[in-house]
Structure formats: structure tokens, C-alpha cells
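Colleague: The C-terminal residue of the sequence shown carries number 564 in our numbering, and the numbering is unbroken.
Every residue, glycine too, gets a C-beta built ideally from N, C-alpha and C.
Predicted model, so just to flag it, every value in this text is computed and none were measured.
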Amino acid sequence: MTHDFIHHFYLGVVESKKNGFSYVIKGIFLPADYKLKNNVMNERIIIFDTTLRDGEQVPGCQLNTIEKIEVAKQLEKLGVDVIEAGFPVSSPGDFNSVVEISKAVINPTICGLTRAVKKDIEVAADALKFAKRGRIHTGIGTSPYHIYQKLNSNPEEIIKRAVEAVKYAKRFVEDVEFYAEDAGRTDNEYLAYVVEAVISAGATVVNIPDTTGYCLPSVYGEKIAYLVNNVPNIDKAVISTHCHNDLGMATANTLSGVINGARQVEVTLNGLGERAGNTALEEVVMAIQSHKDMNFKTGIDSKQIMKTSKLVSTLMRMPVQANKAIVGRNAFAHSSGIHQDGVLKSRETYEIIDPADVGIKESSIVLTARSGRAALNHRLEVLGYNLNQKKLDHIYKNFLVLADSKKEINDEDLAVLVGHEKKEKRILKLDEFQVVCGKSCVPSATITVNYNGKIITESSTGVGPVDAAYSAINKIVPVEVILEEYLVQAITRGSDEIGKVHVQISYNDITYHGFGANIDILTASVWAYLDALSKVVQQYKKTPEKKQAYEVNTH
Ligand code: KIV
Ligand code: ZN
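1. State buried or exposed for GLN443, treating a residue as buried only when at least 16 other CB atoms are found within 10 Å of its CB.
2. Taking all protein chains shown into account, do 16 or more other C-beta atoms lie within 10 angstroms of the C-beta of ASN48, making it buried, or fewer, making it exposed?
3. Between MET303 and GLN273, what straight-line distance do the alpha-carbon atoms span, to the nearest angstrom?
4. Reducing DSSP to helix, strand and coil, say where TYR350 ends up.
5. Could you have a look at GLY337 and say whether DSSP puts it in helix, strand or coil?
6. Please list the terminal residues of the continuous beta strand (DSSP E) segment that includes LYS463.
7. Under 8 Å, with one C-beta from each stretch per pair, do the stretch 480-494 and the stretch 531-542 reach the 3-pair mark?
8. At which residues does the beta strand (DSSP E) containing ILE115 begin and terminate?
9. Going by Cα to Cα distance, which pick from ILE491, THR317 and ASN527 is closest to LEU61?
10. Are the CB atoms of PHE104 and VAL132 within a distance shorter than 8 Å?
11. Can you name the residues that DSSP bridges to ILE145?
12. Just verifying my parser: in three-state terms, what is the DSSP assignment at ASN197?
13. When we look at the beta-carbon of CYS224 and count the other beta-carbons within 10 Å, is it buried (16 or more) or exposed?
14. Which stretch, first to last residue, makes up the alpha helix (DSSP H) that contains GLU79?
15. Take SER468 and list the residues in its own chain whose beta-carbon comes closer than 7 Å to its own, dropping the five residues that flank it on each side.
16. Considering only heavy atoms of ligand 2, does any lie closer than 7 Å to the CB of PRO364?
17. Taking 7 Å as the cut-off, does the CB of ASN239 come closer than this to any heavy atom belonging to ligand 2?
18. Just how far apart, CA to CA, sit THR59 and LEU137?
19. Express the C-alpha separation of THR147 and VAL204 in angstroms, rounding to a whole number.
20. With distance defined between alpha-carbon atoms, name the residue in VAL475, PRO474, GLN513 and VAL472 nearest to LEU492.
21. State the Cα-Cα distance for the pair VAL126 and ILE115, rounded to the nearest angstrom.
22. What is the DSSP secondary structure of PHE96, counted as helix, strand or coil?
23. Based on the DSSP output, what are the partners of ASN287 in its beta bridges?
24. Taking the alpha-carbon positions, what's the GLN548 to VAL427 distance?
25. Compute the beta-carbon to beta-carbon distance between VAL207 and VAL172, rounded to the nearest angstrom, for a pair I have assumed lies under 8 Å.
26. Could you check what DSSP says for GLU371 in three-state terms: helix, strand or coil?
27. Could you give the distance in angstroms between the alpha-carbon of VAL108 and the alpha-carbon of ALA526?
28. In the structure shown, what three-state DSSP assignment does THR457 receive?
29. Please report the straight-line C-alpha distance between LEU281 and VAL410, rounded to a whole angstrom.
30. For a quick check, are the C-beta atoms of ALA174 and ILE119 less than 8 Å apart?
31. By the three-class DSSP mapping on this structure, what secondary structure does ILE514 have?
32. Report whether the distance from the Cβ of PRO68 to the nearest heavy atom of ligand 2 is below 7 Å.
33. Compute the minimum distance between the beta carbon of ASN339 and the heavy atoms of ligand 2, and state whether it is under 7 Å.
34. Candidates LEU389, VAL451 and ASN395: which alpha carbon is nearest ASP422's?
35. Between which residues of its own chain and THR74 is the CB-CB distance below 8 Å, once the five residues before and five after are set aside?
36. Rounding to the nearest angstrom, what Cα-Cα distance links ASN269 and ASN51 in this structure?
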């Protein structure tokens, strides 16, 4: 597309003339120079965060009030404009959270959700009484599914109820947002009537939710453009997007909405939300930040993204998938040799975002069988090993052999490869081990460990055989570690096959991993624990003042 085609720009809709036809182009591909032609300068997109409302509706993600306040304060640091703090009428807990967040947070507008029901609106207004800037978010379903099946109503009645709800909410607060639930599957002409009516009634924001995540980006964009072009009083309100991710298009739909005239986006951290989730805040913000040519900006401090994502994930007990855009563990990790070499030469070769911009220290180079010499050498240099070419070639050969049998090569493996393994040998070895367990007996274990030639035996009971064995080991190695994860896996099928055990423990806020594999999973469990503990003992043996912490019980 050349800029000659473009003759008009209006609220994000680019109209083109080609071969005598006039048509509207929508999508995220805008000509690089349209700013010059249309003089549109970085318009501010309002970030409405609904992690604490739509995000919190996810089964198992419920937070208590104290946790919600912690998230709200971090959202404030992140720079969101609006926090949807809850649905006050839904429970006393939600009501209380909206009250407390209103007191704890100063800069963002605090919003409470309601149905188009007087009681809901009264309760929300009450919950928002301490908010410096409070907003009531009220609405009703507008698609045929909602009008006829859910609400057993008709289109005229729905408009009446919508208008009444907005007018009633206006008695309590100035800022009233209206949502047309399932707008994604609502006829555009009818939707335009609803939107016009609620704006006349005083709505300051009109939310156009794709409640079921059904729309394609072009369809959602056209819907927003239709409202921009067909609602006479649309300039009196802000259009908001609210997209769900059922077809994996929430971010694309949100951006399409913005390009076509929406100026508020409703998002959640990590894309949490009903079913497949809502639009992810981090994706929209970084898309806007990365595509400066779109000429939009947000008030988000992107360096706070990772911290906020982690807080939400931890408190909501919802792990982030490793390959999640922006905040996934692998979002800035490079595994292929070609990519690693490219990134080490120049980060931009394979990274469109500087990890520091989202609060991550650096990209990570994962050493696997696909890694090249450059990546291996880079990691060795970081660890302080400066090797000549001959030595590097030799180590690289051994590295490939090891990498073929192990998924990932870690720093300890590298120490072994460069010949520093003698110092790092495991110092706690299992000598003998016996467990007694069964239906009507208390599980107990007796363990004998060889600690650098000293033989130590201890016994203990526990709630199960593994617990008993680990308690006995804890008597031998009195280091107060936290067992963070214990994972058993069968290597192959069948009850007579080898089982693998991974344990993750932490000591002084440092994480250590241990691994064991045996035909007997209890032996594998003991090996894995001793493997992890050996690393703790080894590490602290080096630090004289920490000597007490690793001293093995030799009484
Ligand atoms: O998805 C939706 O329609 C909603 C509304 C209640 C705003 O979450
Ligand atoms: Zn929703």
C-alpha cells in the first residue's frame, strides 16, 4: 500500500481509494507514513485491568482481601488507569475487597461490576464510597442468545432496562460504564441503538464485549467502526474493548478494536479469565509499545510487567505457560544453535523486545544438544572459565555427548565438563535403607548415609513412607530446607519399570534440584533428596560462617 491510496483517516479507520472503488482497510498493518498524512499523534489508550474481577472468576484463583490489596497496589505501580476490583453484590468478600481497594489505591479509578439491577447498583455504589474516583460498570445481554434465552425478554425491553440502569447508576457516580454483554454476537444495527440510548442516559464509557471470544479480528474491528460511524452521540463516550480468548484471538481483536476507534482496553495479567481467558495486558501493552507506527501509547511502566505477572501467578496459584508471550519462562529463552549464535552477535536478530523493558534481567541461552560452540563459550565465560580454542573444542565434543542423554545442560554439568567436578562430587551417599509401611501401621524408615566416609544411621516415622524417609534424612543432615516440589514419573510403562523422582528444595532462598531413578520409587525418592541436599551442603561448606548450617549430625 502506498500513501497515495489513503485519503481519509478517522478514529483509526483508514479509507482507501483504488481503481475507482472506495473501501475501508482495517487491521494492524497501517502504512508507516499515515501519521504524516493524517497528523494523528500517539493517542493514549486507557488500560482497564479486570484481573481482580474477570480474572478472579477462574476456578481456584480466588483471592482474599489482603491478597487483592497487594495485587491492586502492584497494578497501581504498573500504571493501570482503571482497576475493576470486583462484583460487590456477589459476596460479602467481594464487597469488602472493593471497599478496601478503594481505600488502599489512589491513582487508578476503582470500578465495581453490576447487573442492570437496582440492588446491584446500590451495593456497588456503597462499596465504592471511599474511592477517590469510582466507576459503576453496569450492563445487560444484547445478543439474541441473551435477550430471548437467558433473559426471556425482547429487544425493546432490553434497551429500556439498559437505560434505566445507567440512569440509576448516575444518581451515585458520575462515571458510568455500560457493557452490552455478548456484543460480539449482537447485530450491529441493534447494538448501535443500544449504545446511542445508554450514552444519552449518561454512560461515559461503552463496553463492547466479545463475551464468548467468537469474533474474528476483522469482524470485531468492523463492529467498533460501525459504532464510530453510526452512533450520532458516540463522541460523548469512550468505546471499550473486552475480548475473550476462546479462539486465541483476544489480543488481535482488542488491537483491531483500538485501530478502529476504541480508546479503552479491558485486560488481565497473564490473560487470566473465564474459560480460555481475557486479553492479556502484557500483550496489548507491548504490541502498542513495539509498533510505534500505530501511534498509540499507554500509561503502563512496562518494567513492572514481569513482577506483576509473577505476583498474580503466585497469589492466584495459576502457573504461566512456559511459552506465554512476554511473561512465559521461554519468552526470552533461546534454544536453537542458530538462534543462540544470532542473539549473542546482536540481540535484535531474534528478539523484538528487550527483556529489560518488561523487567527481565537478560535473555537466557538454554544449553541443549542443539547449542553451538558460541553459546557454550558464552555461558562458560559468564561462569568465569576462559578457555582456548583447543580446550573449547574438546569440551564441546563432551558437551554434545552429555546433551544427548540430558535435556538441558546446567552450570553444574559445565563444571564437570571443564574438569572441576572433583570438588563438586556428591557428598551424601545412600548406604542402606529400609521402610516399613502398610495399611494398619505407622510408616517408618531407617536410613544409613555415607557422608565423606562417615557412616550415620537414623530412623523416623512419617505420614507416609517418603515422609518417614525424608524425616530420617533430616535428622542426619539438620539443614532446614523447604521441600518445594516432589515429582514422580514413570520412565516407561508398567509397574516393573524404572521410576524417576525430581525434588526441588530451597535453602536461604536458593533453589536446588535433585534427581533419582530406580526400579523402586522409594529408593529413587531418597536418592533425589540426598542429591539436592548434597548440593546445599556442598555450597555452604565453601562459606566458613555458614559451616553450622551444613554440619552433618555425627552423634
Ligand atoms: O465478558 C463479558 O461480557 C463480561 C461483562 C460482564 C463485562 O465480563
Ligand atoms: Zn468478560
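Modeller: Considering the structure as presented:
1. Looking up residue 443 in the sequence shown gives position 434. Exposed, since its Cβ has fewer than 16 Cβ neighbours within 10 Å.
2. Translated into positions along the sequence shown, residue 48 becomes position 39. Because the pLDDT at ASN48 is just 49, under 50, the model does not fix this residue reliably, and the value given afterwards should be weighed accordingly. Label assigned to ASN48: exposed.
3. One-based indexing of the sequence shown puts residue 303 at position 294. One-based indexing of the sequence shown puts residue 273 at position 264. Distance between the alpha carbons of MET303 and GLN273: 15 Å.
4. The residue labelled residue 350 in the question sits at position 341 within the sequence shown. The question names Tyr, yet the displayed sequence has Asp at residue 350. Reduced to three states, the DSSP call for ASP350 is helix.
5. Walking along the sequence shown from the start, residue 337 turns up at place 328. Coil at GLY337, not helix or strand.
6. By one-based count along the sequence shown, residue 463 stands at place 454. Taken as a continuous stretch (DSSP letters only), the beta strand (DSSP E) holding LYS463 covers 463-470.
7. yes
8. Stepping through the sequence shown from its first residue, residue 115 is reached at position 106. Segment: none, ILE115 is in no beta strand (DSSP E) and carries neither H nor E.
9. Position 52 of the sequence shown, counted from the start, is the residue given in the question as residue 61. The shortest Cα separation from LEU61 among ILE491, THR317 and ASN527 belongs to THR317.
10. As a first step, residue 132 must be located in the sequence shown, where it is residue number 123. As a first step, residue 104 must be located in the sequence shown, where it is residue number 95. For VAL132 and PHE104, yes; Cβs fall inside 8 Å.
11. To locate residue 145, count along the sequence shown from 1; it is residue 136. ILE145 is bridged to GLY121 and VAL185.
12. Looking up residue 197 in the sequence shown gives position 188. In the structure shown, ASN197 sits in a helix (DSSP, three-state: H, G or I).
13. Translated into positions along the sequence shown, residue 224 becomes position 215. So CYS224 counts as buried.
14. The residue you call residue 79 lines up with position 70 of the sequence shown. Per DSSP, GLU79 belongs to the alpha helix (DSSP H) from 74-87.
15. The residue you call residue 468 lines up with position 459 of the sequence shown. Once the five neighbours on either side are set aside, the close Cβ partners of SER468 are SER453, ALA454, THR455 and ALA481.
16. In the sequence shown, counting from the first residue as 1, residue 364 sits at position 355. No, since every heavy atom of ligand 2 falls outside the 7 Å radius drawn around the Cβ of PRO364.
17. The count along the sequence shown starts at 1 and reaches residue 239 at position 230. Not so, every heavy atom of ligand 2 lies at least 7 Å from the Cβ.
18. One-based indexing of the sequence shown puts residue 59 at position 50. One-based indexing of the sequence shown puts residue 137 at position 128. One C-alpha to the other measures close to 16 Å.
19. One-based indexing of the sequence shown puts residue 204 at position 195. One-based indexing of the sequence shown puts residue 147 at position 138. Whole-angstrom Cα-Cα distance: 13 Å.
20. Taking the sequence shown and counting its residues from 1, one reaches residue 492 at position 483. Checking every option, the nearest Cα to that of LEU492 belongs to GLN513.
21. Reading the sequence shown from its first residue, position 117 is the one you call residue 126. Reading the sequence shown from its first residue, position 106 is the one you call residue 115. Each residue's Cα considered, the two are about 28 Å apart.
22. As a position in the sequence shown, residue 96 is number 87, starting the count at 1. Of the three classes helix, strand and coil, the one that applies to PHE96 here is coil, per DSSP.
23. What you label residue 287 is simply residue 278 of the sequence shown in a count that begins at 1. DSSP, once it has assigned bridges, lists HIS253 as partnering ASN287.
24. The sequence position of residue 548 within the sequence shown is 539, counting from 1. The sequence position of residue 427 within the sequence shown is 418, counting from 1. Whole-angstrom Cα-Cα distance: 18 Å.
25. For this step, residue 207 is matched to residue 198 along the sequence shown. For this step, residue 172 is matched to residue 163 along the sequence shown. VAL207 to VAL172, Cβ: 6 Å. Contact.
26. Here the question's residue 371 lines up with position 362 in the sequence shown. Three-state result, GLU371: coil.
27. In the sequence shown, residue 108 corresponds to position 99, counting from 1. In the sequence shown, residue 526 corresponds to position 517, counting from 1. Rounded to whole angstroms, VAL108 to ALA526 spans 53 Å at the Cα level.
28. Residue numbering aside, residue 457 sits at position 448 when the sequence shown is read from its first letter. THR457: strand per DSSP, three-state reduction.
29. In the sequence shown, the residue the question calls residue 281 occupies position 272. In the sequence shown, the residue the question calls residue 410 occupies position 401. Taking the straight line joining both Cα atoms gives about 41 Å.
30. If you number the sequence shown from 1, residue 174 lands on position 165. If you number the sequence shown from 1, residue 119 lands on position 110. No, these two residues do not count as a Cβ contact at 8 Å.
31. Stepping through the sequence shown from its first residue, residue 514 is reached at position 505. DSSP places ILE514 in strand when its eight states are reduced to three.
32. Indexing the sequence shown from 1 puts residue 68 at position 59. No, the beta carbon of PRO68 sits no closer than 7 Å to any heavy atom of ligand 2.
33. Residue mapping note: residue 339 aligns to position 330 of the sequence shown, counting from 1. No, since every heavy atom of ligand 2 falls outside the 7 Å radius drawn around the Cβ of ASN339.
34. Looking up residue 422 in the sequence shown gives position 413. ASP422 has its Cα closest to that of LEU389, out of LEU389, VAL451 and ASN395.
35. Working through the sequence shown from its first residue, we reach residue 74 at position 65. Same-chain partners within the cutoff: GLY102, ASN105, SER106 and GLU109.
36. Position 260 of the sequence shown, counted from the start, is the residue given in the question as residue 269. Position 42 of the sequence shown, counted from the start, is the residue given in the question as residue 51. Near 15 Å, if we compare the C-alpha coordinates of ASN51 and ASN269.
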